Each structure stands twice: as C-alpha cells, then as structure tokens.
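So the protein sequences, as listed, match chains A and B. Per the numbering used here, the first sequence runs over residues 1 to 191. Per the numbering used here, the second sequence runs over residues 1001 to 1191. Every residue, glycine too, gets a C-beta built ideally from N, C-alpha and C. Treat the numbers as computed from the prediction; the structure is a model and nothing was measured.
Number of protein chains: 2
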Amino acid sequence: MNELMKYPNSGKTYEKISTHDTARRGMSLEHDINITCQYYLANENADIHKKPTPITIVNVEYPSRNKAKITEAYFKVPSTTDYNGIYRGRYVDFEAKECRSKTSFPFTSIHAHQIKHLKSVSKHGAIAFIIIRMVHYDMDYLIPFSDFITFFESTKRRSLPYDWIKEKGHVIKRRIMVPCDFIKTVDEVYF
Amino acid sequence: MNELMKYPNSGKTYEKISTHDTARRGMSLEHDINITCQYYLANENADIHKKPTPITIVNVEYPSRNKAKITEAYFKVPSTTDYNGIYRGRYVDFEAKECRSKTSFPFTSIHAHQIKHLKSVSKHGAIAFIIIRMVHYDMDYLIPFSDFITFFESTKRRSLPYDWIKEKGHVIKRRIMVPCDFIKTVDEVYF
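1. Looking only at C-alpha atoms, which of B:PHE1107, B:HIS1031 and B:ARG1088 sits nearest to B:ILE1165?
2. CB-CB under 7 Å to A:ASP82, same chain, minus the five flanking residues each way: which ones, in chain order?
3. Using DSSP with H/G/I as helix, E/B as strand and the rest coil, what is B:VAL1077?
4. Which word fits A:ILE143, buried or exposed, when buried means at least 16 other C-beta atoms lie within 10 angstroms of its C-beta?
5. Just to confirm, is the Cβ distance from B:PHE1105 to B:ILE1132 under 9 Å?
6. Against chain A, does B:ILE1033 count as a neighbour if the rule is that its beta carbon must be under 9 Å from one of theirs?
7. Could you say which of A:LYS119, A:PHE145, A:PHE75 and A:ALA128 lies nearest to A:THR53 if we only look at CA atoms?
8. Would you call the stretch 1143-1155 of chain B and the stretch 1036-1047 of chain B in contact, with 3 or more CB pairs under 8 Å?
9. If you draw a straight line from the C-alpha of B:ASP1181 to the C-alpha of B:ASP1032, how long is it?
10. Name the DSSP beta bridge partners of B:VAL1206, please?
11. Which same chain residues, not among the five before or five after A:HIS117, have their C-beta less than 8 Å away from its C-beta?
12. Consult DSSP for B:HIS1117 and reduce its assignment to one of helix, strand or coil.
13. Can you tell me where the beta strand (DSSP E) holding B:ILE1172 begins and where it ends?
14. So if I threshold CB-CB distances at 9 Å, which residues from the stretch 1070-1081 of chain B count as touching chain A?
15. Our contact map puts A:ALA73 next to A:THR56 with C-beta atoms below 8 Å; I'd like the distance itself, whole angstroms only.
16. How would you call B:SER1120, buried or exposed, if buried means at least 16 neighbouring beta carbons within 10 angstroms?
17. Below 8 Å CB to CB, which residues in the same chain sit around A:GLU167 once its five sequence neighbours on both sides are set aside?
18. Less than 9 Å between CB atoms is the rule here; does A:SER120 satisfy it with respect to chain B?
19. Hey, is A:GLU44's beta-carbon within less than 9 Å of any beta-carbon in chain B?
20. For B:CYS1180, which of helix, strand or coil comes out of DSSP?
21. Between the C-alpha atoms of A:THR103 and A:ASP163, what's the straight-line distance to the nearest angstrom?
22. Indicate whether at least one CB of chain A lies closer than 9 Å to the CB of B:ILE1055.
23. So, using beta-carbon positions, are B:PHE1151 and B:VAL1189 closer together than 9 Å?
24. Since A:TYR40 is in the alpha helix (DSSP H), which residue starts that stretch and which ends it?
25. Skipping 5 residues on each side, what residues in its chain have a beta carbon closer than 7 Å to that of B:ARG1175?
26. On a CA-only basis, which of B:TYR1087, B:ASP1140, B:VAL1060 and B:GLY1125 is nearest A:ARG88? Give me that one, please.
27. Output needed in chain order: residues of the stretch 1096-1119 of chain B with a Cβ under 8 Å from some Cβ in chain A.
28. What is the rounded straight-line gap between the Cα of A:ILE70 and the Cα of B:ASN1059?
29. With a 10 Å radius around its C-beta and 16 neighbouring C-beta atoms as the bar for buried, classify A:ASP198 as buried or exposed.
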C-alpha cells in the first residue's frame, strides 16, 4: 500500500514505502543521512554536514529592524556534492541519491560538475563515494567513487545496472538512531 | 580618500581602502578568498569551497515551467564555518573575518557554534584556523585554532589584542591572481 507524503519546504512528494520497518517508512535518504550525521556529531564519531542549497539572492526586505526577509531568490546549480566533513582524520566527500528504478541508476541523476568535483577531491586524497538508495529494494549502497568513475568512463551505457551496484557496492546498514550508518561501511572499505 | 562601495547581493557596504595596491582596493576578504580558492582549484593545489549561506525557504513560486522563484526565505544562523575542503590529503576548515578595529578583534565576531565546530573538527584531526583581515593595516593573518582557543579559554578579555595577533598569527601574503594565498601559510604552519 503506497501513500504520498509531502515534506515541509521540499516541495517534493515522496512515496511511502511499504515495509514492516516503521522507523524508515516514508523517510527520504537525505533525511536519514542528516539524522545519522547529527548522531555522529553528538557522539564525536565524525563531523560531516550537508551543505546548504546554493541560491542567488536578488532581493531582501527588512520588515523589522532585526529581520531580513528574502523576497526574490533562485536556486543555483550546485558546484560540489551535498555532503562533506572529516572522519578519523580523513576528508570525506559524497553525494547521496535515491533511485526509483528497479534495474539501474541513471547517470543523469548526478550532475557533470559533481563528478568533476568528486574526481578532484579524490586526487587530493579524499574518501569519496556515492550513496545510492534503491528505493524498491529498500537498500542503501556505498559506491566508492573510484569504482564508479572506472565504470562510467569505460561504458557506453547511460546508467549503472543494479547487478553492478550489488556486486561493486557495499551495503549500508541501519541501526537504532542511525538510519544510514555509512561510517561503518567506510571503516570496512577505506580503513 | 575613502569611498563607499556596495557589493551586489551582499547588502553590505564596504569601505574602499586607500592603498597603492589597486588590485586589492575595496575588495572584501570573502571576495579575495573566493578568487584564491578558484585559483587553487584550477591549478589543482587544493579543493576548498565557501559553503552557501544557509536559508530557510518558506515559499516557492513557479512563474514558468522550468523556473522556481523563491518568494519568501530567511537567513539561518550558520552551524559551521564558511570554508572547508581538502589540501595535501588533509581536511581544512576555517572561518574568515574582517576586523575594522585598530587595536583588537572582538570575540563577538565569531559565533559560539562556530567555535564549537572548529573545536570538533580539530579533535578529528582537521587543519583548523581563523583568517583575520586587519583592515586598517591591510594585513591578513592566519590564526591556528589551537592558539586561538587556548587564549580564548584562559582570558577574561572580550577580544584578541592586535599585539597578540601579530605575535601568534602568521602573515598571509598576496600574489598575482591569488589575493589571499593562505595555503602557503598552511604549508609553513602545518607541514
């Protein structure tokens, strides 16, 4: 049974996922990662934040002395990924994407400049990856950027096949309070 | 001779600084660091970005099919510093502030949660610092966060004295295309 859920401010409608795991039902990947990062921060495991959405501000009004109200602004195309920070002394950088297809993850889901950015930080020694949530299977995968870029640059396909994701990706588990426990997976893959 | 200059979108007015260095005249520290980061990125020296200003979006309109126009939004207090990224394999995190006083840098210039953030990333192994531009002297200083926090937590003063800044701070030089060449100073201090 699917219902539609509207998140405040996002303007997007998410499909509620039918699963017996009530904690996760209807939660977006971004929401789950934000909760996870808050947990890591509070427990001093890692210091990783979502970057604010970049916007171009055109007009600001001052209805009262202390309050600035933005009355005209536009979304900008982000030049970097959504998340970065530090874990075990290493710079960590990743993009997180939900995938609603059952068979593959389309490359159009990731902007060209985000791939360029992940390439650049990788060169500088970052732990760089992509988190893909396969919504239909209710599974989260960590894809090391090095594996992604090797496939991306050698294929004529326009998507990552789900079989490839299962083979090359590393499953991210959830636990209480930590709906997308990706640093556990980072431990296994990078340390 | 001082003139006033208004930067687009910032809503702030900057005093033009009288100096024979025309390249720098009237440029804000933020502008200079952004130019510098672009140079580092293009030359593959470092990958450091300014985080977008965090805002809370209340209303978005769609005047045409492809264009989303934000018609109501408010500035949020940032929970992290303005700049982070990677340099020589290390996570780098800093806040940049202009100081118009001739004698000291007031602690009120830095939010309490930014100090908390710099403390947290330092614990995780970051290269963390504050860049202070002493506008009157037209000098930029890199203050290692470890020195800053030691002074901050042991003093009853409400500001960093300029004498302390001169003693503990590390001068950041400018060169052509690189108006605030802070990674040179990072090299000297941290490597």
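Quick look at the numbers:
1. Residue numbering aside, residue 1165 of chain B sits at position 165 when the second sequence is read from its first letter. Taking only the C-alpha atoms, the option nearest B:ILE1165 is B:PHE1107.
2. Taking the first residue of the first sequence as position 1, residue 82 of chain A is located at position 82. Within the same chain, A:ASP82 has close Cβ partners LYS50, LYS51, GLU95 and ALA96.
3. To locate residue 1077 of chain B, count along the second sequence from 1; it is residue 77. Note: B:VAL1077 maps to coil in three-state DSSP.
4. The residue labelled residue 143 of chain A in the question sits at position 143 within the first sequence. Counting Cβ neighbours within 10 Å, A:ILE143 comes out buried, since at least 16 surround it.
5. Working through the second sequence from its first residue, we reach residue 1105 of chain B at position 105. Working through the second sequence from its first residue, we reach residue 1132 of chain B at position 132. Contact flag set, yes.
6. Against the second sequence, residue 1033 of chain B aligns to sequence position 33. Not an interface residue.
7. Position 53 of the first sequence, counting from 1, holds the residue named residue 53 of chain A. Measuring from the Cα of A:THR53, the nearest candidate turns out to be A:PHE75.
8. no
9. Locating residue 1181 of chain B in the second sequence gives position 181, counting from the first residue. Locating residue 1032 of chain B in the second sequence gives position 32, counting from the first residue. One C-alpha to the other measures close to 9 Å.
10. Residue 1206 of chain B falls outside the range modelled here, since chain B spans only 1001 to 1191, and no answer is possible.
11. Here residue 117 of chain A refers to the residue found at position 117 of the first sequence. Within the same chain, A:HIS117 has close Cβ partners SER79, THR80, THR81 and ASP93.
12. For the purposes of this step, residue 1117 of chain B is taken as residue 117 along the second sequence, with counting starting at 1. Helix at B:HIS1117.
13. To locate residue 1172 of chain B, count along the second sequence from 1; it is residue 172. That run of the beta strand (DSSP E) goes 1170-1172.
14. ILE1070, THR1071, GLU1072, ALA1073, TYR1074, PHE1075, LYS1076, PRO1078, SER1079 and THR1080
15. Here residue 73 of chain A is taken as the residue at index 73 of the first sequence, counted from 1. Here residue 56 of chain A is taken as the residue at index 56 of the first sequence, counted from 1. Indeed they touch by this definition, with Cβ atoms about 6 Å apart.
16. In the second sequence, the residue the question calls residue 1120 of chain B occupies position 120. The residue in question, B:SER1120, is buried, as its Cβ has 16 or more Cβ neighbours within 10 Å.
17. Taking the first residue of the first sequence as position 1, residue 167 of chain A is located at position 167. Cβ within range, chain order: n/a, list empty.
18. What you label residue 120 of chain A is simply residue 120 of the first sequence in a count that begins at 1. Closer than 9 Å to some Cβ of chain B, the Cβ of A:SER120 qualifies, so yes.
19. Walking along the first sequence from the start, residue 44 of chain A turns up at place 44. By this cut-off, A:GLU44 is an interface position.
20. Looking up residue 1180 of chain B in the second sequence gives position 180. In the structure shown, B:CYS1180 sits in coil (DSSP, three-state: anything other than H, G, I, E or B).
21. In the first sequence, residue 103 of chain A corresponds to position 103, counting from 1. In the first sequence, residue 163 of chain A corresponds to position 163, counting from 1. Using only the alpha carbons, I get a separation of about 8 Å.
22. One-based indexing of the second sequence puts residue 1055 of chain B at position 55. Taking Cβ atoms only, chain A reaches closer than 9 Å to B:ILE1055, which makes this a yes.
23. Here residue 1151 of chain B corresponds to residue number 151 of the second sequence, with the count starting at 1. Here residue 1189 of chain B corresponds to residue number 189 of the second sequence, with the count starting at 1. No, they are not a contact pair.
24. To locate residue 40 of chain A, count along the first sequence from 1; it is residue 40. That run of the alpha helix (DSSP H) goes 29-42.
25. Taking the first residue of the second sequence as position 1, residue 1175 of chain B is located at position 175. Within the same chain, B:ARG1175 has close Cβ partners ASP1181.
26. Along the first sequence, read from residue 1 onward, the residue named residue 88 of chain A stands at position 88. Minimum Cα distance to A:ARG88 is reached at B:GLY1125.
27. HIS1117
28. Start at 1 with the first residue of the first sequence, and residue 70 of chain A comes out as number 70. Start at 1 with the first residue of the second sequence, and residue 1059 of chain B comes out as number 59. Approximately 10 Å between the Cα atoms of the pair.
29. One cannot answer for residue 198 of chain A here, as it falls past the ends of chain A, which runs 1 to 191.
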